[in-house]
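A short worksheet on the structure shown next.
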Amino acid sequence: DAGVIQSPRHEVTEMGQEVTLRCKPISGHDYLFWYRQTMMRGLELLIYFNNNVPIDDSGMPEDRFSAKMPNASFSTLKIQPSEPRDSAVYFCASSPGTGWDEQYFGPGTRLTVT
Amino acid sequence: AQSVTQPDIHITVSEGASLELRCNYSYGATPYLFWYVQSPGQGLQLLLKYFSGDTLVQGIKGFEAEFKRSQSSFNLRKPSVHWSDAAEYFCAVGEGGSYIPTFGRGTSLIVHP
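Residue numbers (the numbering used here), protein chains in the order written: chain H, 1 to 114; chain Z, 1001 to 1113.
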């Protein structure tokens, strides 16, 4: 398996623009996680899905952020409108879902909002 | 709720020297404990995990960690560091039922030749 795939790897956009980050989890994994990593706040869990259903989105910073998982092989994290403080590295991870399984992280998307 | 503290933001060691990265957690019962490593420009990778049983856990890349309940600690160790070990190391803790770990702020390891 190719591992967790994220696209794009780098995104530079202007404030106010819509940004969509994409993730393809490892086939057969039931859990999908979206994290944000910044120097100031470290690694934060934004939202996670189980079998395509959002379970906990309490980490989503505000209504400008939304995440979807239309099927088992694809998820998106959307920011609309984007702001400079959204600049961060966004990670997607997936897990087989059998209790405390290892989370497999993608390489991340580095987002810069100017 | 559980919490995890990594007291050291940066650690610098010489290649070949031993290494210990500290991790302290706050949780009433026996937690689920993890160490992840993040190489530059990459995602996190699991080094090892502790759920129960032997308190000394062996992981990949020659790392080990010891769970000490009395000290609420789960420190990561390696007897001889290689230059390729330079990375960011994250301790994570979870409580039964939620299955979602909380990550520490990370410790950046710098290895001098």
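Heads up, the beta-carbon is just placed ideally off N, CA and C, and yes, glycines get one too. Quantities reported herein were computed from a predicted structural model and do not represent experimental measurements.
Backbone secondary structure at residue i - three-state DSSP
| i | result |
| --- | --- |
| residue 87(H) | coil |
| residue 1060(Z) | helix |
| residue 1077(Z) | strand |
| residue 22(H) | strand |
| residue 100(H) | coil |
| residue 1071(Z) | helix |
Residues that DSSP places opposite residue i in a beta bridge
| i | result |
| --- | --- |
| residue 1088(Z) | 1038(Z) and 1108(Z) |
| residue 28(H) | Answer by DSSP bridge pairing: none, since residue 28(H) is not bridged. |
| residue 1014(Z) | 1112(Z) |
| residue 44(H) | 36(H) |
| residue 92(H) | 34(H) |
| residue 1021(Z) | 1076(Z) |
| residue 1048(Z) | 1035(Z) |
| residue 1094(Z) | 1032(Z) |
| residue 1004(Z) | 1025(Z) |
| residue 1102(Z) | 1093(Z) |
| residue 1066(Z) | 1056(Z) and 1075(Z) |
Buried/exposed call for residue i, threshold 16 Cβ in 10 Å
| i | result |
| --- | --- |
| residue 1106(Z) | buried |
| residue 1041(Z) | exposed |
| residue 47(H) | buried |
| residue 40(H) | exposed |
| residue 86(H) | buried |
| residue 1085(Z) | buried |
| residue 1007(Z) | exposed |
| residue 1112(Z) | exposed |
| residue 1056(Z) | exposed |
| residue 106(H) | buried |
| residue 1038(Z) | buried |
| residue 103(H) | buried |
Where the beta strand (DSSP E) containing residue i begins and where it ends
| i | result |
| --- | --- |
| residue 53(H) | 53-56 |
| residue 70(H) | 65-71 |
| residue 11(H) | 10-13 |
| residue 74(H) | 74-79 |
| residue 110(H) | 109-113 |
| residue 82(H) | Careful: residue 82(H) lies outside any beta strand (DSSP E) and carries neither H nor E. |
| residue 1009(Z) | Unbroken run through residue 1009(Z): none, as it is neither H nor E. |
| residue 6(H) | 5-7 |
Chain A within 8 Å of residue i, Cβ atoms only
| i | result |
| --- | --- |
| residue 1002(Z) | No chain A appears in this structure, whose protein chains are H and Z. |
Fill in: Cβ pair count under 8 Å reaching 3, the region 1012-1025 of chain Z against the region 1076-1083 of chain Z
yes
Worksheet item: Taking three-plus beta-carbon pairs below 8 Å as touching, is the region 59-76 of chain H in contact with the region 1-15 of chain H?
Response: no
Worksheet entry | Inter-stretch contact at 8 Å, needing at least 3 Cβ pairs: the region 1045-1061 of chain Z / the region 79-95 of chain H | no
Worksheet item: Within the chosen definition, does the region 74-90 of chain H reach the region 6-26 of chain H through at least 3 CB pairs nearer than 8 Å?
Response: yes
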